[in-house]
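As C-alpha cells, the structure follows; a few thoughts come after it.
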Amino acid sequence: MTDTTALAAESARASTGRGTAHDDTFATTSADRFADAAASREAGSIVEKPSAPTAADGRTGRVRRLLATGVQHPGTALAAVWIVLVLVSTVAPGLFTSQDPLVGVPSEKLTGPSPAHWFGTDQLGRDLFTRVVFGSALTLQAALIAVGIGLAVGSVLGLLAGFVGRWVDDVVMRIADVLLAIPSLLLSLALITVLGFGTVNVAIAVGLGSVATVSRIMRSEVIRVRNAVYIEAAFASGNRWSRVLVRHVLPNSAGPVLVLAALEFGTAILAVSALSFLGYGAQPPAPEWGSLIATGRNFLTTAWWLTTLPGVVIALTVLSANALSRALDSEGRRVR
1 MTDTTALAAE
11 SARASTGRGT
21 AHDDTFATTS
31 ADRFADAAAS
41 REAGSIVEKP
51 SAPTAADGRT
61 GRVRRLLATG
71 VQHPGTALAA
81 VWIVLVLVST
91 VAPGLFTSQD
101 PLVGVPSEKL
111 TGPSPAHWFG
121 TDQLGRDLFT
131 RVVFGSALTL
141 QAALIAVGIG
151 LAVGSVLGLL
161 AGFVGRWVDD
171 VVMRIADVLL
181 AIPSLLLSLA
191 LITVLGFGTV
201 NVAIAVGLGS
211 VATVSRIMRS
221 EVIRVRNAVY
231 IEAAFASGNR
241 WSRVLVRHVL
251 PNSAGPVLVL
261 AALEFGTAIL
271 AVSALSFLGY
281 GAQPPAPEWG
291 SLIATGRNFL
301 TTAWWLTTLP
311 GVVIALTVLS
321 ANALSRALDS
331 EGRRVR
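Using the UniProt record's numbering, the letters of the sequence shown map in sequence onto residues 1 to 336.
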C-alpha cells in the first residue's frame, strides 16, 4: 500500500467516525428539541398565518374610516347630521312641530321670529317653521324621484353604450350630447309643458334632464372595467355576456355613479325649488320650499324672514349634500 492510499483510507475512517458521532448527537438531542418546540407552541410564541379578511372586517374598516373622516372633518359630520334631520322631517314632521301648516291665527300675521314662532309667521298667521318642516316632504320626495329616474335611465343607457359599443355607443352618446347642449332648467321647462304641472311631473322633468350626465359617467366606468383582466377571464370561463354584465361589470362601475347621485340630489333640490318658485310645482296652500319663497317675495320689504329663512334651509341642504358627495368620492378613491 502506498502512502497516498494509506492517507485516503485514514481520512475515510475519520470522516466516518465524525458522521457517526454527529448522528449520535442528533439522535440524542432530538427528543429535547421536540419538547422545546411543543412548549413554545403552547406558549404562543409561534406566529400563525393570519386569516384572510372577511366581509365583516371590510365593513368595520369602512365604518372606522368614515368615523375618522367625521373627526378630521367636522363639517362633513355636521352635513350628515343636517341631512338626517331633513330626512326625518319628511317622514315624521310631528317630531319637530305640533302645529298645523295650513291653519293660522290672523291676529299673529307677519310676526317676526320669536320663541313661539322660530321662523315667524306668514301673511295668514301660519307658523313658517311648521310650513318649512312639512314642505320638506314634498320637496325631498320630488328630488328623490328625480334622482331615481336619472340614475335608473342614465345607468342603463351608459351600461349598454359602454359594454356593447359600436353603433349603440354612437347613438346613445349623440343623444346625450344633444341633451347636454340644452340648459337643464330650460329642458325641464320644456318637459313640464308636455307633462303638465304638479310635483311629480316636476320630478320627472328634472330627472330626465340629468339622464345625459349619468349615462356619460356610467359609460366611461364601464369602458374602464370592460378591459380588465378578470372580465376577459369571465368570458373565457364560458359565462354569458348578460351574466358578466350583471355580476362583474355593473358592481365595479357603480361607485362613481352613486357619488354622482349624491351630488345630483342637491342639484335636484335646487331645480325642484326653482320650478316650484315659478309656479310649476305644488299649488297653494300646499307648503313647498320653492313656493314658500315665491309667496314671501311679495312681502320682502316688510317681512324678510318669509324668503330668507326658507332660502337658508334650501342652501344648507344643498351644501350638505355636496359635502357628503365629496366625502363619498374620497372614500371611493381610497378603496379603488
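Idealized CB from N, CA, C, for every residue including glycine.
**Study point:** L159 to W118 span [Cα, whole Å]
**Key:** Along the sequence shown, read from residue 1 onward, the residue named residue 159 stands at position 159. Along the sequence shown, read from residue 1 onward, the residue named residue 118 stands at position 118. Whole-angstrom Cα-Cα distance: 48 Å.
Practice item. Provide the residue span of the alpha helix (DSSP H) that contains R166, from first to last. Key: Translated into positions along the sequence shown, residue 166 becomes position 166. Residues R166 to A181.
Check your understanding: How far does the alpha helix (DSSP H) with residue 355 in it reach, from first residue to last?
Key -> This structure cannot settle anything about residue 355, because the visible part of the chain is limited to 1 through 336.
Review point. Expressed to the nearest angstrom, what Euclidean distance is found between the alpha-carbon atoms of S188 and A205?
Key: Taking the sequence shown and counting its residues from 1, one reaches residue 188 at position 188. Taking the sequence shown and counting its residues from 1, one reaches residue 205 at position 205. Cα-Cα distance, rounded: 5 Å.
Practice item. Quick one: residues in its chain with C-beta nearer than 6 Å to the C-beta of T90, no 5 flanking neighbours on either side, listed in chain order? Key: Position 90 of the sequence shown, counting from 1, holds the residue named residue 90. Closer than 6 Å at Cβ, skipping near neighbours: S136, A137 and L140.
Review point. Where are the alpha helix (DSSP H) runs, 4 residues long or more, that stay fully inside the region 255-314, in chain order?
Key: 289-296
Exercise for review: On a CA-only basis, which of P256, G279 and L306 is nearest R326? Give me that one, please.
Suggested key: Taking the first residue of the sequence shown as position 1, residue 326 is located at position 326. With distances taken between Cα atoms, R326 lies closest to P256.
Review point. When the distance is taken between beta carbons, is G207 closer than 8 Å to G125?
Key: For the purposes of this step, residue 125 is taken as the residue at position 125 of the sequence shown. For the purposes of this step, residue 207 is taken as the residue at position 207 of the sequence shown. For G125 and G207, no; Cβs fall outside 8 Å.
Check your understanding: DSSP on D127, reduced to helix/strand/coil?
Key -> Walking along the sequence shown from the start, residue 127 turns up at place 127. Strand, per DSSP.
Exercise for review: Select from F134, G112 and I83 the residue whose C-alpha is nearest the C-alpha of P93.
Suggested key: To locate residue 93, count along the sequence shown from 1; it is residue 93. Of the listed residues, the one whose Cα sits closest to P93 is F134.
Practice item. May I ask you to check if the CB of I223 is nearer than 7 Å to at least one heavy atom of the ligand FAD? Key: Only the bare structure without any ligand can be found here, which leaves the ligand FAD out of the picture.
Review point. Contact between the region 243-258 and the region 216-230: three or more CB pairs below 8 Å?
Key: yes
Check your understanding: Are the CB atoms of V132 and V313 nearer to each other than 8 Å?
Key -> Locating residue 132 in the sequence shown gives position 132, counting from the first residue. Locating residue 313 in the sequence shown gives position 313, counting from the first residue. Cβ distance < 8 Å, so V132 and V313 count as in contact.
**Study point:** With 16 other Cβ atoms within 10 Å as the buried cut-off, status of S273
**Key:** By 1-based counting over the sequence shown, the position of residue 273 is 273. The residue is buried, with at least 16 neighbouring Cβ atoms inside 10 Å.
Practice item. For R216, collect the residues of the same chain with a Cβ closer than 6 Å to its Cβ; drop the 5 residues on either side in sequence, then sort them by chain order. Key: Here the question's residue 216 lines up with position 216 in the sequence shown. The residues are A176.
**Study point:** Own chain residues within Cβ distance below 7 Å of L300, not counting five before or after
**Key:** Stepping through the sequence shown from its first residue, residue 300 is reached at position 300. Excluding sequence neighbours, L300 sits near T307.
**Study point:** Whole-number beta carbon distance between V249 and I231, since they are thought to touch under 8 Å
**Key:** For the purposes of this step, residue 231 is identified with residue 231 of the sequence shown, where counting begins at 1. For the purposes of this step, residue 249 is identified with residue 249 of the sequence shown, where counting begins at 1. Right, their Cβ atoms sit about 7 Å apart.
Check your understanding: In terms of residues, what are the limits of the alpha helix (DSSP H) holding G120?
Key -> Position 120 of the sequence shown, counted from the first residue, corresponds to residue 120. No alpha helix (DSSP H) contains G120, which DSSP labels as neither H nor E.
**Study point:** Spatially closest choice to A203 from W167, G148 and S155, by CA coordinates
**Key:** Within the sequence shown, the letter at position 203 stands for residue 203. It is G148 whose Cα lies nearest to the Cα of A203.
Practice item. Consult DSSP for G150 and reduce its assignment to one of helix, strand or coil. Key: Residue mapping note: residue 150 aligns to position 150 of the sequence shown, counting from 1. DSSP places G150 in helix when its eight states are reduced to three.
Practice item. Identify whether V194 lies in helix, strand or coil by the three-state DSSP scheme. Key: Here residue 194 refers to the residue found at position 194 of the sequence shown. Helix, per DSSP.
Review point. Is L328 buried or exposed, if buried means 16 or more other CB atoms sit within 10 Å of its CB?
Key: Residue mapping note: residue 328 aligns to position 328 of the sequence shown, counting from 1. Burial call: buried.
Check your understanding: Which residue from L278, A321 and G154 puts its Cα closest to that of I192?
Key -> Residue 192 sits at position 192 when you count from the first residue of the sequence shown. Looking at the Cα atoms, L278 is the closest of the given residues.
Point to revise | Nearest to M173 (by Cα), restricted to the options Q99, S155 and S98 | key: The residue labelled residue 173 in the question sits at position 173 within the sequence shown. Residue S155 is the option with its Cα nearest to M173.
Exercise for review: Decide if T76 is buried, meaning its Cβ has at least 16 other Cβ atoms within 10 Å, or exposed.
Suggested key: Here residue 76 is taken as the residue at index 76 of the sequence shown, counted from 1. Buried, because 16 or more other Cβ atoms sit within 10 Å of the Cβ of T76.
Check your understanding: Taking the alpha carbon of F197 as the point to measure from, which residue in G281, G238 and D122 has its own alpha carbon closest?
Key -> What you label residue 197 is simply residue 197 of the sequence shown in a count that begins at 1. Closest option to F197, Cα to Cα, is G281.
Check your understanding: Straight-line CA distance for T317 to S210?
Key -> As a position in the sequence shown, residue 317 is number 317, starting the count at 1. As a position in the sequence shown, residue 210 is number 210, starting the count at 1. Their backbone Cα atoms lie some 19 Å apart in a straight line.
**Study point:** Cα-Cα separation between T267 and L185, rounded to whole angstroms
**Key:** Stepping through the sequence shown from its first residue, residue 267 is reached at position 267. Stepping through the sequence shown from its first residue, residue 185 is reached at position 185. Each residue's Cα considered, the two are about 11 Å apart.
Check your understanding: Between S242, A116 and L102, which lies nearest to V164 when the distance is taken from Cα to Cα?
Key -> Numbered from 1 along the sequence shown, position 164 holds the residue referred to as residue 164. Closest by alpha carbon: S242.
Check your understanding: Which same chain residues, not among the five before or five after P310, have their C-beta less than 6 Å away from its C-beta?
Key -> The residue labelled residue 310 in the question sits at position 310 within the sequence shown. Here the set comprises V132, W289, L292 and I293.
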